[in-house]
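Per this note's numbering, the very first residue in the sequence shown carries number -19; after that it's consecutive.
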Amino acid sequence: MKRFVFAFLIVLAVFLYGCEDKPSDSLVLKQLEGLSLIGEVKNYKRLNGYKDGNYYVVEFQYDLYIDKDKIKELDKRTKKDFFANMQVGLLLVGIVMTCGDKNPCTMRERLKFVKGENGWSVVEE
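Right, dumping it as structure tokens:
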């Protein structure tokens, strides 16, 4: 009888784990890891989440602490690669347009997720 109960609990746990109805905050934070090239993300806060058709939208905010030394280093590393340097330049223009001279800069964003066989993934738009 104990084996049956134990097996039932394991099956139930696996089933419930697979039925996660919304993307976790760790999935959102993983999308922000690239910002470590120019600074540090702190004070992440999930503001809202909702279904939008077959997608799940997560609205969130965070503080971006921009590190000028990291930006200079990134600029040096991408100097010889025209396309990489253009990407960095566009990223920085976007941040300057959003933040101005505020440091930290509070960013508000949203990500759209879709659930597949292997769990949640970000939809590229």
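Backbone N, C-alpha and C fix where the C-beta goes; we use that ideal spot for every residue, glycine too. Please read all numbers here as calculations on a predicted model, not as lab measurements.
ask   = In this structure, what does DSSP give as the bridge partners for residue 44?
value = Beta-bridge partners assigned by DSSP to residue 44: 21 and 85.
Selected residue, minimal CA-CA separation from residue 42, among 22, 57, 68 and 48 = That would be 22, whose Cα lies nearest to the Cα of residue 42.
request  = Quick one: grab the DSSP three-state call for residue 101.
outcome  = Correct three-state label for residue 101: strand.
Residues near residue 12 in its chain [Cβ-Cβ closer than 8 Å; skip 5 each side] = Here the set comprises 21, 24 and 42.
query = Which residues bound the alpha helix (DSSP H) around residue 6?
reply = Per DSSP, the continuous alpha helix (DSSP H) segment holding residue 6 begins and ends at 5 to 11.
query = Is the distance from the Cβ of residue 56 to the Cβ of residue 65 below 8 Å?
reply = Their beta carbons are not under 8 Å apart, which means residue 56 does not touch residue 65 by this criterion.
request  = State buried or exposed for residue 40, treating a residue as buried only when at least 16 other CB atoms are found within 10 Å of its CB.
outcome  = Around the C-beta of residue 40, 16 or more other C-beta atoms lie within 10 Å, and the residue is accordingly described as buried.
message = Looking only at its chain, what residues have a beta carbon closer than 7 Å to the beta carbon of residue 89, apart from the 5 residues adjacent to it on each side?
response = Taking residue 89 as the centre and dropping the five residues before and after it, the same chain places the C-beta of 40 closer than 7 Å to its C-beta, in chain order.
message = Does residue 8 pass the burial test, meaning 16 or more other C-beta atoms within 10 Å, or should it be called exposed?
response = Counting Cβ neighbours within 10 Å, residue 8 comes out buried, since at least 16 surround it.
task = Name, in chain order, the residues that DSSP records as bridge partners for residue 28.
result = 39.
query = Near residue 45, which residues of its chain fall below 7 Å by C-beta distance, leaving aside the five closest residues on each side in sequence?
reply = Result list for residue 45: 19, 20, 22, 83 and 84, in chain order.
message = Which residue wins for smallest C-alpha separation from residue 34, given the options 1, 51, 68 and 74?
response = Per the Cα distances, 1.
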